[in-house]
Amino acid sequence: MENDEDLLRMAIAYRAHLRLRERVICRQASCKPAWSMLLELLIAQLNKETMHIRTLTRAARIKDTTALRWIDWLHGHQLIERHPDPHNRLRVIIRLSIEGRKVVKAMLFDMAARLNGL
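One gets this note's numbering by counting positions in the sequence shown from 1 and adding 4 to each.
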(Lines of atoms letter the chains of each structure in order from A; the text may use other names.)
(Lines give C-alpha, C1' and ligand atoms only; values in the text may rest on other atoms or scores of the structure.)
Protein backbone atom coordinates (compact mmCIF):
# COMPACT_ATOMS: atom_id res chain seq x y z
CA MET A 5 0.00 0.00 0.00
CA GLU A 6 1.35 3.41 -0.90
CA ASN A 7 2.12 6.03 1.67
CA ASP A 8 2.53 9.78 1.40
CA GLU A 9 6.29 9.47 0.77
CA ASP A 10 5.71 7.14 -2.20
CA LEU A 11 3.02 9.44 -3.54
CA LEU A 12 5.34 12.44 -3.17
CA ARG A 13 8.16 10.64 -5.04
CA MET A 14 5.78 9.69 -7.87
CA ALA A 15 4.45 13.23 -8.11
CA ILE A 16 7.96 14.72 -8.20
CA ALA A 17 9.12 12.18 -10.80
CA TYR A 18 6.10 12.85 -12.98
CA ARG A 19 6.52 16.62 -12.65
CA ALA A 20 10.18 16.29 -13.69
CA HIS A 21 9.09 14.24 -16.68
CA LEU A 22 6.48 16.84 -17.69
CA ARG A 23 9.04 19.63 -17.45
CA LEU A 24 11.50 17.66 -19.57
CA ARG A 25 8.77 16.96 -22.11
CA GLU A 26 7.94 20.66 -22.33
CA ARG A 27 11.62 21.58 -22.77
CA VAL A 28 12.26 18.96 -25.42
CA ILE A 29 9.03 19.09 -27.40
CA CYS A 30 7.82 22.64 -27.38
CA ARG A 31 9.65 24.81 -24.88
CA GLN A 32 6.34 26.40 -23.95
CA ALA A 33 4.35 26.47 -20.74
CA SER A 34 1.73 24.06 -22.07
CA CYS A 35 2.38 21.61 -24.85
CA LYS A 36 -0.30 19.07 -24.00
CA PRO A 37 -1.93 19.27 -27.46
CA ALA A 38 1.43 18.68 -29.15
CA TRP A 39 2.23 15.74 -26.91
CA SER A 40 -1.23 14.23 -27.37
CA MET A 41 -0.89 14.38 -31.14
CA LEU A 42 2.66 13.00 -31.17
CA LEU A 43 1.58 10.11 -28.95
CA GLU A 44 -1.43 9.34 -31.16
CA LEU A 45 0.77 9.46 -34.25
CA LEU A 46 3.22 6.98 -32.71
CA ILE A 47 0.38 4.63 -31.78
CA ALA A 48 -1.03 4.90 -35.31
CA GLN A 49 2.41 4.30 -36.82
CA LEU A 50 2.99 1.22 -34.69
CA ASN A 51 -0.49 -0.06 -35.60
CA LYS A 52 0.20 0.69 -39.29
CA GLU A 53 -2.77 3.06 -39.40
CA THR A 54 -3.09 6.20 -41.51
CA MET A 55 -3.88 9.47 -39.75
CA HIS A 56 -5.54 12.39 -41.41
CA ILE A 57 -6.00 15.74 -39.72
CA ARG A 58 -9.58 14.89 -38.70
CA THR A 59 -8.70 11.45 -37.30
CA LEU A 60 -5.73 12.91 -35.47
CA THR A 61 -7.73 15.68 -33.83
CA ARG A 62 -10.40 13.20 -32.74
CA ALA A 63 -7.89 10.66 -31.43
CA ALA A 64 -6.01 13.35 -29.49
CA ARG A 65 -9.30 14.90 -28.30
CA ILE A 66 -8.30 18.37 -29.40
CA LYS A 67 -10.45 21.06 -31.00
CA ASP A 68 -9.79 21.48 -34.71
CA THR A 69 -8.54 25.07 -34.47
CA THR A 70 -6.12 24.21 -31.66
CA ALA A 71 -4.95 21.11 -33.50
CA LEU A 72 -4.30 23.01 -36.72
CA ARG A 73 -2.08 25.51 -34.90
CA TRP A 74 -0.12 22.70 -33.26
CA ILE A 75 0.11 20.71 -36.50
CA ASP A 76 1.70 23.77 -38.11
CA TRP A 77 4.07 24.09 -35.15
CA LEU A 78 5.02 20.39 -35.14
CA HIS A 79 5.55 20.44 -38.90
CA GLY A 80 7.67 23.58 -38.66
CA HIS A 81 9.86 21.85 -36.06
CA GLN A 82 10.13 18.73 -38.25
CA LEU A 83 8.42 16.46 -35.73
CA ILE A 84 5.67 15.46 -38.16
CA GLU A 85 5.33 15.13 -41.92
CA ARG A 86 2.42 16.12 -44.14
CA HIS A 87 1.66 14.16 -47.30
CA PRO A 88 -1.15 14.48 -49.83
CA ASP A 89 -3.65 11.64 -49.64
CA PRO A 90 -3.39 9.75 -52.95
CA HIS A 91 -7.05 8.69 -52.66
CA ASN A 92 -8.56 12.05 -51.74
CA ARG A 93 -6.96 15.30 -52.84
CA LEU A 94 -8.86 17.21 -50.15
CA ARG A 95 -7.21 15.28 -47.31
CA VAL A 96 -3.71 15.41 -45.87
CA ILE A 97 -1.97 12.44 -44.27
CA ILE A 98 -0.06 13.27 -41.09
CA ARG A 99 2.85 11.06 -40.05
CA LEU A 100 5.39 11.14 -37.29
CA SER A 101 8.80 12.11 -38.69
CA ILE A 102 11.95 10.20 -37.80
CA GLU A 103 12.88 13.01 -35.41
CA GLY A 104 9.37 13.05 -33.97
CA ARG A 105 9.55 9.32 -33.30
CA LYS A 106 12.91 9.77 -31.54
CA VAL A 107 11.43 12.48 -29.32
CA VAL A 108 8.32 10.48 -28.37
CA LYS A 109 10.40 7.36 -27.73
CA ALA A 110 12.81 9.32 -25.52
CA MET A 111 9.93 10.82 -23.54
CA LEU A 112 8.28 7.44 -23.00
CA PHE A 113 11.53 5.84 -21.90
CA ASP A 114 12.25 8.79 -19.60
CA MET A 115 8.85 8.46 -17.97
CA ALA A 116 9.28 4.70 -17.54
CA ALA A 117 12.75 5.13 -16.03
CA ARG A 118 11.56 7.78 -13.59
CA LEU A 119 8.61 5.69 -12.45
CA ASN A 120 10.64 2.47 -12.26
CA GLY A 121 13.21 4.24 -10.11
CA LEU A 122 10.68 4.83 -7.34
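Cβ atoms here follow ideal geometry from the backbone N, Cα and C, with glycine treated the same way.
This one's a predicted model, so the numbers in the text were calculated from it and none came from an experiment.
Query raised in the report: Going by DSSP, which residues form a beta bridge with H87?
Result: Start at 1 with the first residue of the sequence shown, and residue 87 comes out as number 83. I97.
Query raised in the report: What residues in its chain sit with their C-beta under 6 Å from that of R105, if we drop five residues either side in the sequence?
Result: The sequence position of residue 105 within the sequence shown is 101, counting from 1. Answer for R105: no residue qualifies.
Requested in this report: Mind checking who M55 pairs with in its DSSP beta bridge?
Outcome: Looking up residue 55 in the sequence shown gives position 51. In DSSP, M55 forms a bridge with I98.
Report task. Work out the CA separation of A38 and T54 for me, nearest whole Å. Result -> As a working mapping, residue 54 is identified with position 50 in the sequence shown. As a working mapping, residue 38 is identified with position 34 in the sequence shown. For T54 and A38, the distance between alpha carbons rounds to 18 Å.
Query raised in the report: Any idea what DSSP makes of H21, helix, strand or coil?
Result: Taking the sequence shown and counting its residues from 1, one reaches residue 21 at position 17. Correct three-state label for H21: helix.
Report task. Compare the C-beta of K67 against all C-beta atoms of chain B and say whether one is closer than 8 Å. Result -> Here there is only one protein chain, and chain B is not present.
Query raised in the report: So, helix, strand or coil for I29, using DSSP?
Result: Taking the first residue of the sequence shown as position 1, residue 29 is located at position 25. DSSP places I29 in helix when its eight states are reduced to three.
**Report entry** Beta-carbon gap between L22 and V108 smaller than 8 Å
**Finding:** On the sequence shown, position 18 is the one that residue 22 refers to. On the sequence shown, position 104 is the one that residue 108 refers to. Not in contact: L22 and V108 (Cβ atoms no closer than 8 Å).
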